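Q: Before I ask anything, let me first share the structure, which is written out below as structure tokens.
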Amino acid sequence: MLEKNYLASAEDFLSEAIENIIQAQANQSRWKFAAVNLVAALELSLKAKLISVHPVLVRETLDSKRRSISLVQALARLKDPEIYGLRIPQQAEHSIASAVDLRNGVSHGVLFENEKSIASKCFEVFAFVRFFLQSEFNVDLSSFVNKNSLKKILEIARRREEFLNHAKNQLIENENVYCCPDCVEDFLVIRKGRFICLHCMYSEDPQSCADCGTELPSTKIYPLSEYFEYAFEDGHTRLLKDFGMPDIEVCLECLRKRRDEIETQRFQDMVEDFYFQIATS
0 MLEKNYLASA
10 EDFLSEAIEN
20 IIQAQANQSR
30 WKFAAVNLVA
40 ALELSLKAKL
50 ISVHPVLVRE
60 TLDSKRRSIS
70 LVQALARLKD
80 PEIYGLRIPQ
90 QAEHSIASAV
100 DLRNGVSHGV
110 LFENEKSIAS
120 KCFEVFAFVR
130 FFLQSEFNVD
140 LSSFVNKNSL
150 KKILEIARRR
160 EEFLNHAKNQ
170 LIENENVYCC
180 PDCVEDFLVI
190 RKGRFICLHC
200 MYSEDPQSCA
210 DCGTELPSTK
220 IYPLSEYFEY
230 AFEDGHTRLL
240 KDFGMPDIEV
250 CLECLRKRRD
260 EIETQRFQDM
270 VEDFYFQIAT
280 S
């Protein structure tokens with residue numbers, strides 16, 4: 000219950016941050032309010048994850064029931080391999096630290112002149128919070144942000160370099176990366192048993208090659224039936240020959256092997272038909 004409360008509050012702050020970012024396109028002064036809400040959303044998200052490990056982890060000390068840890072402490076505990084072992088890119092950590100300083104400055108009435116810098120920090124933190132909610136809680140923006148605002152914020156986000164940089168920093172060396180069918184960027188990777196795009200957060204369940212068992216995104220699995228022979232009669236399709244092959248979906252490498260077997264079988268059938276016609280003519 001406590002975890003859900005923290006998560007719901009994080010969603011509320013993130014929704015408010017999104018509205019401020021949208022308003023900031025016409026009124027630059029809204030960026031500082033977006034920063035405050037984003038940092039609050041991040042802090043509550045991190046604490047919700049700690050609570051899911053054990054509720055006592057959000058306390059400053061074991062006997063302190065009222066004093067909660069800070070955002071920086073929450074992040075440090077989540078990164079601790081003995082607690083959770085969260086992996087976070089160094090650039091994202093720098094962005095979070097800068098955003099916390101920004102939040103503290105806004106809270107104490109400090110004036111900020113560089114609105115572009117604030118905007119950049121906001122989008123870096125926004126990218127991380129969105130990724131964290133999706134990867135750790137399977138929570139997508141569409142589940143709590145109204146459709147119109149979601150469309151606007153994603154249009155704004157896709158124009159910003161921070162999202163691409165954040166996605167690049169999330170990649171693990173030598174991992175398999177695929178093109179996302181939604182945003183058409185090469186950031187589709189497997190995380191916790193699901194394919195997720197580190198850029199646009201599109202996700203899907205992995206598909207297994209029926210031959211070799213390799214797990215791949217749906218765009219990399221192909222139906223073997225495309226190489227079967229069919230007849231088209233009166234608007235209907237009728238299977239003529241499957242060459243002894245099962246109607247399965249396979250990866251490209253296995254498809255090529257099966258295709259070669261089909262072509263060999265097709266050639267043998269043609270030769271047999273040729274000699275049969277000679278013998279019966």
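So the sequence shown is numbered by numbering that gives the first Met the number 0: it starts at 0 and just counts up by one. Heads up, the beta-carbon is just placed ideally off N, CA and C, and yes, glycines get one too. This structure is a prediction, so every number in the text was calculated from the model and none was measured.
I'd like the list of long-range same chain contacts for Thr218, defined as Cβ closer than 6 Å, with 5 residues on each side in sequence excluded.
A: Correct list, in chain order: Pro180.
Q: What do you reckon, are the CB atoms on Leu13 and Val128 nearer than 8 Å?
A: Yes, Cβ-Cβ distance for Leu13 and Val128 is below 8 Å.
Q: Does the structure place the region 19-30 close enough to the region 78-97 that three or more beta carbon pairs sit under 8 Å?
A: These segments do not touch.
Q: Excluding the five sequence neighbours on either side, which residues of its own chain have a C-beta within less than 8 Å of the C-beta of Cys182, listed in chain order?
A: For Cys182, where only same-chain residues beyond five positions count, the Cβ hits under 8 Å are Arg157, Cys196, His198, Cys199 and Tyr201.
Q: So what's Ser97 in DSSP terms, helix, strand or just coil?
A: Correct three-state label for Ser97: helix.
Q: With a threshold of 16 other CB atoms inside 10 Å of the CB of Asn36, please say whether the residue is buried or exposed.
A: That one is buried.
Q: Once the 5 residues before and after Ser8 are set aside, which same chain residues still bring their CB inside 6 Å of it?
A: Around Ser8: Leu43.
Q: Going along the chain, which residues of its own chain have a beta-carbon closer than 6 Å to the beta-carbon of Asp210, five neighbours each way excluded?
A: Closer than 6 Å at Cβ, skipping near neighbours: Val249 and Cys253.
Q: By the DSSP assignment, the alpha helix (DSSP H) with Phe266 in it spans what residues?
A: Phe266 -> alpha helix (DSSP H) spans Leu251 to Thr279.
Q: Measure the C-alpha to C-alpha separation of Ser67 and Arg58 and round it to an integer number of angstroms.
A: Those two C-alpha atoms are separated by around 5 Å.
Q: From which residue to which residue does the beta strand (DSSP E) around Ala230 run?
A: Residues Glu228 to Glu232.
Q: Determine whether the beta carbon atoms of Leu215 and Asp246 lie at a separation below 8 Å.
A: Not a contact, by the Cβ cut-off of 8 Å.
Q: Over what stretch of residues does the beta strand (DSSP E) that includes Lys150 continue unbroken?
A: Segment Lys146 to Arg157 is the alpha helix (DSSP H) holding Lys150; no beta strand (DSSP E) there.
Q: Just to confirm, are Val99 and Val38 a CB contact at a threshold of 8 Å?
A: Yes, they are a contact pair.
Q: With the cut-off set at 8 Å, would you say Ser141 and Leu149 are in Cβ contact?
A: It is a contact, given that the beta carbons lie within the stated cut-off.
Q: Do we get a CB-CB distance below 8 Å when we pair Arg237 with the residues of chain C?
A: No chain C is part of this structure, which consists of one protein chain only.
Q: Which two residues bound the contiguous beta strand (DSSP E) that contains Ile195?
A: First-last of the beta strand (DSSP E) with Ile195: Arg193 to Cys196.
Q: Which residues in the same chain as Tyr229 place their Cβ atom closer than 8 Å to its Cβ, once the five residues preceding and following it in sequence are excluded?
A: Same-chain partners within the cutoff: Thr236, Arg237, Leu238 and Leu239.
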